[in-house]
Amino acid sequence: MFSKRIRQYFICLVAIVVCIFYILTLVGCISTSPGLPGLFLVKIANNHTQADVRVGLFGICAGLGNNLTCASTFGQNLTGAGGHYVLPGTTMPAASALQPLLALAAGIQSNSAGPGGVVAVVFVPLLIGCIFFVTAVGALLAHEAFAGHQDGNTTYADGKAAAAFGHKQRAWQVVGLLTTYSVAAAVGAATAATVASRALLFAGTVLPGSTNTAASANASSTSMLVTSGVALPVLIWLIVFMTLSWHLLMTLVWRKI
Numbered sequence: 047m048f049s050k051r052i053r054q055y056f057i058c059l060v061a062i063v064v065c066i067f068y069i070l071t072l073v074g075c076i077s078t079s080p081g082l083p084g085l086f087l088v089k090i091a092n093n094h095t096q097a098d099v100r101v102g103l104f105g106i107c108a109g110l111g112n113n114l115t116c117a118s119t120f121g122q123n124l125t126g127a128g129g130h131y132v133l134p135g136t137t138m139p140a141a142s143a144l145q146p147l148l149a150l151a152a153g154i155q156s157n158s159a160g161p162g163g164v165v166a167v168v169f170v171p172l173l174i175g176c177i178f179f180v181t182a183v184g185a186l187l188a189h190e191a192f193a194g195h196q197d198g199n200t201t202y203a204d205g206k207a208a209a210a211f212g213h214k215q216r217a218w219q220v221v222g223l224l225t226t227y228s229v230a231a232a233v234g235a236a237t238a239a240t241v242a243s244r245a246l247l248f249a250g251t252v253l254p255g256s257t258n259t260a261a262s263a264n265a266s267s268t269s270m271l272v273t274s275g276v277a278l279p280v281l282i283w284l285i286v287f288m289t290l291s292w293h294l295l296m297t298l299v300w301r302k303i
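Take any residue in the sequence shown, note its place counting from 1, add 46, and you have its number in my numbering.
In structure tokens, the structure reads:
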């Protein structure tokens, strides 16, 4: 139905989309660029003070109202010289209303660059899946480049040369294996993101704030409210779907070209 070149472009487009999705999930909450502050695993807010802290995989956003400051927390410490928490990406002490929220956020992230952090159960399989997928795409590109170098008039579709056919089969085995691992890791990351966000929400929709929530009628307005992220888990599940689609397209379409 479609020419060989169009089918190649289509599958390359799917691979590019998957790579973009991976980048978006990893850079969520590291800057105030449009859309990035919304890619969080969990949000901690205080309706009374309008304090808002969002925890991403490698970043944190914090601020009062819509005035958010976002920065990467990879290898960074949110605690300032005086023992108070600072705004992400700055050395300025955060407002007093943000201090308990940042304390919880730091505990949740728990230095995501090291082991033990809650977000580690998400970004570790996500990074593994990303590495496998990029390696699979690179292996495929290397195979096509090598094929074109050996025989400029064929893409190994005819399989005339035994050596060329064997090289093609080995390349497909490598690409298929790497893509399978990528899908498995992406499923693990998506499941972990969903479970982690739900677990944090289940741990307490209302956490103790600056007042005794059990004894106050206006507890809901003076407590730290935990909200699980939606966009980040959905984006990771889209990675699973797109990676699986890419794998099936490669198997059903590309090998017939």
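All residues carry an ideal CB built from backbone N, CA and C; glycine is no exception.
Enclosing alpha helix (DSSP H) for residue i [first to last residue]
{"i": "residue 282", "result": "277 to 298"}
{"i": "residue 147", "result": "145 to 155"}
Minimum C-alpha distance to residue i - residue among the options
{"i": "residue 100", "options": "134, 120, 63", "result": "134"}
{"i": "residue 270", "options": "246, 278, 80, 279", "result": "246"}
{"i": "residue 278", "options": "172, 228, 54", "result": "172"}
{"i": "residue 108", "options": "122, 78, 121", "result": "78"}
{"i": "residue 231", "options": "219, 215, 220, 282", "result": "282"}
Extent of the continuous beta strand (DSSP E) to which residue i belongs
{"i": "residue 106", "result": "105 to 110"}
{"i": "residue 114", "result": "113 to 118"}
{"i": "residue 85", "result": "It is not in any beta strand (DSSP E) - residue 85 carries neither H nor E in the DSSP assignment."}
{"i": "residue 97", "result": "97 to 101"}
Beta-carbon separation (whole angstroms), residue i vs residue j, contact threshold 8 angstroms
{"i": "residue 272", "j": "residue 90", "result": "6 angstroms"}
{"i": "residue 243", "j": "residue 88", "result": "6 angstroms"}
{"i": "residue 119", "j": "residue 155", "result": "6 angstroms"}
Sequence-distant residues of its chain with Cβ nearer than 7 angstroms to residue i (five each side left out)
{"i": "residue 284", "result": "67"}
Own chain, CB closer than 8 angstroms to residue i, minus 5 neighbours either side, in chain order
{"i": "residue 64", "result": "179, 285, 288, 289, 292"}
{"i": "residue 110", "result": "95, 96, 97, 98, 141, 143, 144"}
{"i": "residue 224", "result": "178, 179, 181, 182, 185"}
Local conformation of residue i per DSSP, three classes
{"i": "residue 56", "result": "helix"}
{"i": "residue 61", "result": "helix"}
{"i": "residue 271", "result": "strand"}
{"i": "residue 171", "result": "helix"}
{"i": "residue 132", "result": "strand"}
{"i": "residue 125", "result": "strand"}
Residues of its chain near residue i, where Cβ-Cβ distance is below 6 angstroms and the 5 sequence neighbours each way are ignored
{"i": "residue 33", "result": "The question about residue 33 has no answer here: the residues shown for the chain are numbered 47 through 303."}
Near the ligand PLP: residue i beta-carbon under 7 angstroms from a heavy atom
{"i": "residue 149", "result": "Summarising the ligand content, the structure contains no ligands, and the ligand PLP is consequently not present."}
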